[in-house]
Amino acid sequence: MASDQYGALYRFNAPAPGEPLKVADVQKVPAEIRGINGMVWFKGALYCGVNDYEHKIPCGLYRVSSSKGDDQLDKVELLREIVSNGDHGVHAIVPAPDGESIYLISGNGAKMTEIAANSAVPKVWGEDHVLPRMPDGRGFMRDVMGPGGCIYRVSPDGKDFNLFSTGFRNIYDAAFNHDGELFTYDADMEYDFNTPWYRPTRVNHVVSGSEFGWRNGAGKRPEFYADNLPAAVNIGPGSPTGVTFGYGAKFPAKFQESLFILDWSWGKIYAIDLKAKGASYTGTKTDFISGGPLPVTDAIIHPKDGAMYFAIGGRKVQSGLYRVTYVGKESTAPISTAAKPSAERDLRHQLEAFHGRKDPKAVAFAWPHLRSPDRFIRWAARVAITHQPVSEWKDKALAETDPFACNEALLALAQVGGICPFHRAGEIVVDAKLGAELLNGILKADWNSLNNDQRLALVRVTGIVLNRFGKPADATVRALIAKFDPAFPADSFELNWELCETLVALQAPSAAAKGIALLNNAESQEPQMEYARSLRNLKAGWTPELRKQQLEWFLKAANYRGGSSFAKFNEFIRNDSLATFTDAEKTSLAELISRKPEAKSAIENVGAMFAGRTPKNWTLEELSAAASTGMKNRDFAQGRKVFSAAACFTCHRFGNAGGMTGPDLSGAGGRYSPHDFLDQIINPSKVLNEQFIPIVVTKNDGTVLTGVVVNLNGDRVSINTDASDPIQQVAVDRKEVKSIELSKISPMPPMLLSMLTQEEILDLVAYVLSGGDKDNAWFKK
144 MASDQYGALY RFNAPAPGEP LKVADVQKVP AEIRGINGMV WFKGALYCGV
194 NDYEHKIPCG LYRVSSSKGD DQLDKVELLR EIVSNGDHGV HAIVPAPDGE
244 SIYLISGNGA KMTEIAANSA VPKVWGEDHV LPRMPDGRGF MRDVMGPGGC
294 IYRVSPDGKD FNLFSTGFRN IYDAAFNHDG ELFTYDADME YDFNTPWYRP
344 TRVNHVVSGS EFGWRNGAGK RPEFYADNLP AAVNIGPGSP TGVTFGYGAK
394 FPAKFQESLF ILDWSWGKIY AIDLKAKGAS YTGTKTDFIS GGPLPVTDAI
444 IHPKDGAMYF AIGGRKVQSG LYRVTYVGKE STAPISTAAK PSAERDLRHQ
494 LEAFHGRKDP KAVAFAWPHL RSPDRFIRWA ARVAITHQPV SEWKDKALAE
544 TDPFACNEAL LALAQVGGIC PFHRAGEIVV DAKLGAELLN GILKADWNSL
594 NNDQRLALVR VTGIVLNRFG KPADATVRAL IAKFDPAFPA DSFELNWELC
644 ETLVALQAPS AAAKGIALLN NAESQEPQME YARSLRNLKA GWTPELRKQQ
694 LEWFLKAANY RGGSSFAKFN EFIRNDSLAT FTDAEKTSLA ELISRKPEAK
744 SAIENVGAMF AGRTPKNWTL EELSAAASTG MKNRDFAQGR KVFSAAACFT
794 CHRFGNAGGM TGPDLSGAGG RYSPHDFLDQ IINPSKVLNE QFIPIVVTKN
844 DGTVLTGVVV NLNGDRVSIN TDASDPIQQV AVDRKEVKSI ELSKISPMPP
894 MLLSMLTQEE ILDLVAYVLS GGDKDNAWFK K
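Heads up: take any position in the sequence shown, counting from 1, add 143, and you land on the working numbering.
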């Protein structure tokens, strides 16, 4: 069965192997229903998620069956209307492993429906911005607040909607593995490219009571925030649609176990190899099918012939149906479908059994597991406790001394005690006494005894308390500054992110000098932009020189490139910053405030350290030989500096910074030896990364364009032809296209190492392959 995005529902039999699907074999289903974005056959009926873009029928959950008991579906029941708009609405439906319920997948454009009182997700969500929120620069969904896209566990009659997980941007589909665990593929926000809050498309392990941190604009929570869960696999730019496991496919064993995820805009089907890691999973991706364009929408494994069937279409582009079969020599014998044992997963399930219900045994059972080193077990334990009466565990939370347990307990108490403030005479009333108790608990923590993750969690909880309970007493503000200021700056960007925004919220006098120093020394535009975003709200501690440096950064940042909202975000930051200037500062710095930026390319903006050098044509042989004996005692700081100066951040993501138009280099050390990594740089077209292979479009008039497809609409194909500028696009009418072919030339230019010395190259290699870890053996003396 298949549904037209703007029309009716159709059915057809899978044609014989090697045979095409004939138009005459496609039958319109009698049921008066349209705009189905997801469907599943369940308990003798077709359950449908309707997201009607033209609003000819209500969006929501439907059940379609036969009034005569035959195979002609003609009876339509609306089980639950859900207010929904655009592409981000009601999507797929997935049957639960026990066969007793279904899971409804919805994006952040679907308004949250009425949820069951025993929902797994506790009603404790909030925006929780440490500093004033900064909505999307172009206004996209700016009035949509958290928690965003939702996954509901729904009873067959559609009456009980149990909120199972939330915090998504735009999820279209999900699938259960043989362990009974749910996975989904969430969207990025392409407008955010090259900002610190950009989050790539990602595979999420969806556990009970989970929150994945989508918020509008600059408010998206990074993975290191303690109040959301991280991805199992970060993928990159794209537009997620269908998801399915390979179970039942007549494929080699590796692909039978794969999670297949579909990317509509980049024309990709990835095979994700998931491996259990503690109570959750991690994984790697393989490019399974690529096309340019290939707007894939959904895929299934047919239970009779073991083939994969996938559809293309959407937004009125040409639709189609494809069949994928295996013709190699590897065995396609069915793999075992038994769940793989895991003590950590079993423990998480025991904790999740307390989600959504009060139980006198819950606190005693869950509390010890707040100390677990496993983030998913800590999460399950905290959610279990959050569902219990706060009177049972408040004192225990405030008295806790274990670093992990203290952070989790204070977070739970802040979320429960700081939510749903009641209104009296138009004023919000919060429990100031509880807020003070929470901050006292934070102040008791011994910073020096905490590891990096515990420090990140402690500072994040501080920010949430400040957001939910308001400004504390002056003495408490001074005490908090005295606690966090000596730790700022820290060794990591992530901790500096949190410390900077928190100290600015406290108006710490030293934040200006320290923040500007970090901004000036940051290697790429993402951390610079993050420090600038925090400093925009700081009024204390400024000197004329610091204000001058702040304004000069805006002149430099005007040449940075990013997504469609990038320039507006920088404009917001600048305007908010100017609002903190005194009249005297505005007068004395009037010329600098009014100065216009000088236009520079991305390469010009970062390559100043190479000025005056003579290029050298390095060969792989000489650099590989140098690397074979010279990788010890490398210079970490120099490697980091070269990575930035050579414009690597322009296209490549590394950690929490960098572009998305080239492969993510964060895990390069697990994929490349020094020789192989150098080979990739010196000979970029030798082996092309399939995720980023450009296409060559030849038009009827002879015009040739090379780039990547980034969007489709009807006959219009939008192509990015400049990897350094994510928003640059050329629109091509498909009717004017003579041919489309995959390029054999990498978009990465050769001779990138020509301006570097040998020592700088080896430092660069060590920096990248170490994952940016200065404690790596390559940097040990």
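Glycine included, C-beta positions come from ideal geometry on N, C-alpha and C.
Under 8 Å between C-beta atoms of residue 440 and residue 402
no
Which one or two residues does DSSP pair with residue 293 in a beta bridge?
249, 309
In angstroms, rounded to a whole number, what distance separates the CA positions of residue 922 and residue 410?
40 Å
Please classify residue 668 as buried or exposed, where buried requires at least 16 neighbouring CB atoms within 10 angstroms.
buried
In three-state terms, what does DSSP make of residue 736?
helix
If you run the structure through DSSP and keep just helix, strand and coil, what is residue 566?
Confidence in residue 566 is poor, its pLDDT being 32 and thus under 50, which makes the residue's placement unreliable; the coordinate value appears in the next sentence. Residue state, collapsed to three classes: strand.
Is the CB-CB distance between residue 277 and residue 709 below 8 Å?
no
Beta-carbon contacts of residue 854 that lie in its chain and below 7 Å, excluding the five residues immediately before and after:
408, 861
I'd like to know whether the C-beta atoms of residue 805 and residue 891 end up nearer to each other than 8 Å.
yes
In whole angstroms, give me the CA-to-CA distance for residue 241 and residue 228.
32 Å
Nearest to residue 246 by CA position, among 304, 255, 206, is which residue?
304
Return helix, strand or coil for residue 182, following the three-state DSSP convention.
strand
Starting from residue 657 and walking both ways along the alpha helix (DSSP H), at which residues does that stretch end?
654-664
Out of 666, 576, 510, state which residue places its alpha-carbon closest to the alpha-carbon of residue 547.
510
If I'm right that residue 838 touches residue 884 with Cβ under 8 Å, what's the distance once you round it to whole angstroms?
7 Å
Other residues of its chain near residue 872: CB distance less than 7 Å, five sequence neighbours each side excluded:
853, 861, 862, 863
How is residue 427 classed by DSSP in three states: helix, strand or coil?
strand
Thinking residue 608 and residue 550 are a contact (beta carbons under 8 Å), I'd like their distance in whole angstroms, please.
So it is not a contact: roughly 12 Å between Cβ atoms.
Pull up the DSSP beta-bridge partners for residue 191, would you.
182, 205
Using 10 angstroms around the beta-carbon of residue 461, count the other beta-carbons present and answer buried if the total reaches 16, otherwise exposed.
exposed
For residue 629 and residue 639, what's the separation of their Cα atoms in angstroms?
12 Å
In the DSSP assignment, what are the bridge partners of residue 406?
383, 411
Just to check my reading of the structure: residue 526 and residue 352 have Cβ atoms closer than 8 Å, yes? What is that Cβ distance to the nearest angstrom?
4 Å
Which runs of the alpha helix (DSSP H) fall wholly inside the segment 883-922 and span at least 4 residues, in chain order?
901-912
Whole angstroms is fine: what's the gap from residue 724's alpha carbon to residue 306's?
45 Å
Do you know offhand how far residue 186's Cα is from residue 842's?
51 Å
How would you label residue 730, buried or exposed, when you count the other beta carbons within 10 angstroms and need 16 or more for buried?
exposed
Hey, how far is the Cα of residue 458 from the Cα of residue 215?
28 Å
Kindly indicate the opening and closing residues of the beta strand (DSSP E) around residue 344.
344-349
Ends of the beta strand (DSSP E) at residue 850?
847-856
With 16 other Cβ atoms within 10 Å as the buried cut-off, status of residue 198:
exposed
Looking at the unbroken beta strand (DSSP E) that takes in residue 220, where does it start and where does it end?
218-224
For residue 494, tell me which candidate among 519, 349, 481, 644 has the shortest Cα-Cα distance.
519
Which same chain residues end up closer than 8 Å to residue 820 when comparing Cβ atoms and leaving out the 5 residues on each side of it in sequence?
811, 908, 911, 912
Identify which residue in 296, 301, 316, 619 has its Cα closest to the Cα of residue 944.
Residue 944 is absent from the model: the chain starts at 144 and stops at 924.
Would you kindly check if the distance between the Cβ of residue 181 and the Cβ of residue 248 is under 8 Å?
yes
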